[in-house]
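A.B. asks:
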Ligand code: GAR
């Protein structure tokens, strides 16, 4: 009997964090298996990667739904069909409805490219550079109704260099994301971290 938790990954684009999670889950002693990858964009390059790994994929377009609520209900139906224990948002560039985030409270996590609570939202690296901060990083946190507001699970820090551009800083942070996200998912699936209000 497999004790591994069943995990789905939600992406919108290239899916490099998804790739890091898939890679980590190959280890026999990793406590999660990736059972599905979902995207709100049918053309997301990460979907092809997931398919080539033999992982189930699904996508839905908002244009097929009258409301955001209807989209999110359909997404929950996909995730329940896959019988998932946890979901990982990995570059999923879509705001989820409170009814979705409350349904999955404690079972959904996200990676964000800043040291939360600093720089919620978009363009994190450009904003950090504009503020001349000396450190940047990334955060894995529980998903709650407030955007990028849920409790933190883990963070990684990198230095900001004097000649950094948003792209060079993003690349340095992304390297850490690829280490941090598998570790945070491991903690969650092993029961070493649980959601508390
Ligand atoms: C990552 O840097 C992730 O932290 C960020 O999007 C990128 C996705 O890259 N997420 C957010 O900004 C969420 N607000 P990936 O598709 O290669 O994993």
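Numbering (the working numbering), first residue to last: 440 to 636. Here a beta-carbon is modelled for each residue, glycine too, at the ideal position from N, C-alpha and C.
Per DSSP, what kind of secondary structure is residue 526 in: helix, strand or coil?
C.D. replies: Mapped onto the chain shown, residue 526 falls at position 87. Residue 526 falls in the strand class under three-state DSSP.
A.B. asks: Which class does residue 465 belong to by DSSP, given the choice of helix, strand or coil?
C.D. replies: Walking along the chain shown from the start, residue 465 turns up at place 26. Coil.
A.B. asks: Could you name each continuous alpha helix (DSSP H) segment of 4 residues or more that falls completely within the stretch 517-566, going from the start of the chain to the end?
C.D. replies: 537-542
A.B. asks: Under a Cβ-count criterion, where at least 16 other Cβ atoms within 10 Å of its own Cβ denotes burial, should residue 547 be classed as buried or exposed?
C.D. replies: Position 108 of the chain shown, counted from the start, is the residue given in the question as residue 547. With 16 or more Cβ atoms within 10 Å of its Cβ, residue 547 is classed as buried.
A.B. asks: Whole beta strand (DSSP E) runs in the stretch 577-630 with 3 or more residues, listed along the chain?
C.D. replies: 591-598
A.B. asks: How far does the alpha helix (DSSP H) with residue 486 in it extend, from its first residue to its last?
C.D. replies: For the purposes of this step, residue 486 is taken as the residue at position 47 of the chain shown. Taken as a continuous stretch (DSSP letters only), the alpha helix (DSSP H) holding residue 486 covers 484-491.
A.B. asks: How is the beta strand (DSSP E) around residue 444 delimited, first residue to last?
C.D. replies: Counted from its first residue, the chain shown places residue 444 at position 5. First-last of the beta strand (DSSP E) with residue 444: 444-450.
A.B. asks: Go to residue 473, then tell me how far its beta strand (DSSP E) extends in each direction, as first and last residue.
C.D. replies: The residue labelled residue 473 in the question sits at position 34 within the chain shown. First-last of the beta strand (DSSP E) with residue 473: 471-478.
A.B. asks: Looking at the ligand GAR, does it come within less than 7 Å of residue 580, judged from the CB to the closest heavy atom?
C.D. replies: Mapped onto the chain shown, residue 580 falls at position 141. No, the Cβ of residue 580 stays beyond 7 Å of every heavy atom of the ligand GAR.
A.B. asks: Using only the heavy atoms of the ligand SAM, determine whether one of them is closer than 7 Å to the beta carbon of residue 564.
C.D. replies: Among the ligands present in this structure, namely the ligand GAR, the ligand SAM is not found.
A.B. asks: With burial defined as no fewer than 16 other Cβ atoms inside 10 Å of the residue's Cβ, what is the status of residue 643: buried or exposed?
C.D. replies: Residue 643 is absent from the model: the chain starts at 440 and stops at 636.
A.B. asks: Using the three-state DSSP reduction, which class does residue 502 fall into: helix, strand or coil?
C.D. replies: Position 63 of the chain shown, counted from the first residue, corresponds to residue 502. For residue 502, the three-state secondary structure derived from DSSP is helix.
A.B. asks: Thinking residue 582 and residue 540 are a contact (beta carbons under 8 Å), I'd like their distance in whole angstroms, please.
C.D. replies: To locate residue 582, count along the chain shown from 1; it is residue 143. To locate residue 540, count along the chain shown from 1; it is residue 101. Between residue 540 and residue 582 the Cβ distance is about 5 Å, and since that is below 8 Å, they are a contact.
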